[in-house]
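Residue numbers (the working numbering): 731 to 1059. Don't be surprised by glycine CBs; every beta carbon is placed ideally from N, CA and C. What you are looking at is a predicted structure, and each value in this text was computed from that prediction instead of being measured.
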């Protein structure tokens, strides 16, 4: 019978992981909210001063209603108020001289107060005929045109509030279970590679979606010039249990029946055995974080893990072979 070939392998030792490690995940930039902006009173639109795609600042003029009817109503109320005020002066003198009862005097002054409130209400409605932006943002939709009638509260425009953008990250179940170890968040854009900006956690949904992913939302600083829909990388700093966590090359880990393993080499007879490990995302470039199943005292196969079987004797190479470029055996 032909003898079983002995595989040549390169080995390594798991590395100590520091008090913190880093997880890098893709994220999408989104707006913090979409605002529906409408008048607080009904009327006919006289002008619309924005169009779709416009960037507007807080307080920017958006639209204005026809104010003729409101102005006429206010003028009439002001005349009536001035007339009644003059009557009150005369009534006050009659009341002071005892020629007018307290009840009649109270009725007269009460009417003046009610008229004052009605005048204030109409003046407010006149002010409501001018619609201004409540926040900085981008106009995504204009729902009306000039001369159209609009009710109070009906959205005239849709405004994408970009005063605060957020980064949305999908966390798998494994990382969600380790959320208490998250200590800091940083973002990185492909537009400015290597330049990190701080992120702050806003929320983490406690319920997974249909893909078993949890939504992590992070606020972005106003100084970051990005737009909704862009992709960025989010780096999550994690506090580690230094006594248990180690780093291993990505190429040293293989999967069997949804479990992760590495080949541990026995230094006495060079035989390999599969050790089940628990991984927790990336530790740094080309390495995985292993939280259980390994220590720095183990010697593991660095590459070629899919060609081995349990109990096999291997030949350990100490340097790269010219006939094995890339250390794939």
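- For residue 819, the closest alpha carbon among the candidates 743, 797, 1018, 835 is that of 835.
- Contact annotation: residue 983 and residue 1028 have beta-carbon atoms that are not nearer than 7 Å.
- In this structure, 951 is the residue among 849, 831, 951, 989 with its C-alpha nearest to the C-alpha of residue 762.
- Distance from the CA of residue 966 to the CA of residue 927, rounded to the nearest whole angstrom, comes to 12 Å.
- Residue 924 is not a Cβ neighbour of residue 980, given a cutoff of 7 Å.
- Checking the DSSP bridge columns, you'll see residue 888 partnered with 766, 871.
- Within the same chain, 869, 870, 871, 872 come within 8 Å of residue 782 by CB-CB distance, once the 5 residues on both sides are set aside.
- A contact is defined here as three or more CB-CB pairs under 8 Å, and the stretch 901 to 919 fails this definition with respect to the stretch 879 to 890.
- In the DSSP assignment, residue 945 falls within the unbroken beta strand (DSSP E) covering 943 to 949.
- As computed with DSSP, residue 931 is found in a beta bridge with 948.
- Residues 965, 967 of the same chain have their beta carbon placed closer than 6 Å to that of residue 752, with the five preceding and five following residues left out of the count.
- Closest option to residue 963, judged by alpha-carbon separation, among 754, 1032, 880, 1006: 754.
- According to the DSSP assignment, residue 940 belongs to no beta strand (DSSP E), since it is labelled neither H nor E.
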